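Asker:
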Amino acid sequence: AQSVAQPEDQVNVAEGNPLTVKCTYSVSGNPYLFWYVQYPNRGLQFLLKYITGDNLVKGSYGFEAEFNKSQTSFHLKKPSALVSDSALYFCAVRVLLNSGNTPLVFGKGTRLSVIA
Amino acid sequence: KAGVTQTPRYLIKTRGQQVTLSCSPISGHRSVSWYQQTPGQGLQFLFEYFSETQRNKGNFPGRFSGRQFSNSRSEMNVSTLELGDSALYLCASMDRGERGTEAFFGQGTRLTVV
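Protein sequence lines correspond, in order, to chains A and B. Under my numbering, the residues of the first sequence are numbered 55 to 170, in order. Under my numbering, the residues of the second sequence are numbered 62 to 175, in order.
1) Anything in chain B within Cβ reach of residue 163 of chain A, meaning under 8 Å, just list it in chain order.
2) Provide the residue span of the beta strand (DSSP E) that contains residue 139 of chain B, from first to last.
3) Whole angstroms is fine: what's the gap from residue 80 of chain A's alpha carbon to residue 68 of chain A's?
4) Check residue 144 of chain B in the structure and name its three-state DSSP category.
5) Which bits of chain B does residue 72 of chain A rub up against, with CB to CB less than 8 Å?
6) Taking residue 115 of chain B as the query, report the chain A residues whose CB atoms sit under 8 Å from its CB, ordered along the chain.
7) Answer yes or no: does any C-beta atom of chain A fall closer than 8 Å to that of residue 123 of chain B?
8) Distance, Cα to Cα, residue 125 of chain A vs residue 74 of chain B?
9) At what residues does the beta strand (DSSP E) containing residue 118 of chain B begin and finish?
10) Run the CB neighbour count on residue 93 of chain B, radius 10 Å, all protein chains shown included, and call it buried at 16 or more, exposed below.
11) Does DSSP put residue 116 of chain A in a helix, a strand or coil?
12) Just to confirm the assignment, what range does the beta strand (DSSP E) spanning residue 84 of chain B have?
13) Straight-line CA distance for residue 152 of chain B to residue 122 of chain A?
14) Report yes or no: do three or more beta-carbon pairs, one from the region 71-90 of chain A and one from the region 137-145 of chain A, lie closer than 8 Å?
15) Quick check: does the Cβ of residue 116 of chain B come within less than 7 Å of any heavy atom belonging to the ligand PLP?
16) At 7 Å on the CB atoms, spell out the chain B contacts of residue 107 of chain A, in chain order.
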């Protein structure tokens with residue numbers, strides 16, 4: 055079965071410093087990987103995705119993520135964190151099976167806190 | 062384009078009651094998925110509908126059901142509510158539900174069972 059792990063429940067970073075939110079996945083086929091962000095009392099907002107091609111994917115609000123097939127990772131990064139980046143971040147994966155598309159499977163989320 | 066609309070935003074129900082939640086996807090989107098979000102379990106997939114047919118189903122009891130109408134609007138129903146059903150229920154829409162397509166989420170319905 056496919057799964058996603060976000061090993062850190064909480065990440066704290068000072069404003070202006072680079073941030074990394076980690077994600078590893080386990081799938082039996084080619085993964086399609088996504089990052090979403092959730093602000094308090096809101097739904098999830100799409101940040102970026104990896105389908106194929108360049109391993110470095112750029113997304114919204116200055117975020118980027120690096121796909122590493124050998125390490126089965128898809129870490130989210132930003133060169134300079136903002137206080138407004140403080141939110142809950144979710145990594146998700148989707149796999150195509152012979153029976154058809156599979157739904158998105160989410161990690162448990164990482165709470166990012168950027169301190170001024 | 063209007064986003065994904067979920068109604069109501071908040072609900073308080075009593076144990077044993079049933080509840081119906083509604084989701085209107087982005088215009089033109091034919092895939093609607095439902096997720097349950099709780100602090101302990103994170104986001105768990107409930108079911109996905111595409112062109113009025115259930116395409117995928119998660120590991121939830123039969124008390125949880127859904128349907129999709131010809132205009133792609135979707136409803137989910139929970140019967141015989143339990144305290145553990147208290148959660149944020151999120152709906153997501155996609156145009157065709159292809160694997161490389163990102164899902165767009167509504168703001169959710171916060172259900173509290175007392």
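Think of the CB as a built atom: it goes at the ideal place given N, C-alpha and C, for glycine as much as any other residue. All values reported here derive from a predicted model rather than from experimental measurement.
Answerer: Taking the coordinates as given:
1) 103, 104
2) 135-139
3) 31 Å
4) helix
5) What residue 72 of chain A touches in chain B: nothing, since even the nearest Cβ is about 25 Å away.
6) In chain order: nothing, as chain A lies at least about 11 Å away.
7) no
8) 46 Å
9) 114-118
10) buried
11) helix
12) 80-85
13) 30 Å
14) yes
15) With respect to the ligand PLP, the structure offers nothing, as it holds no ligand at all.
16) Chain B residues near residue 107 of chain A: none, gap ~11 Å exceeds 7 Å.
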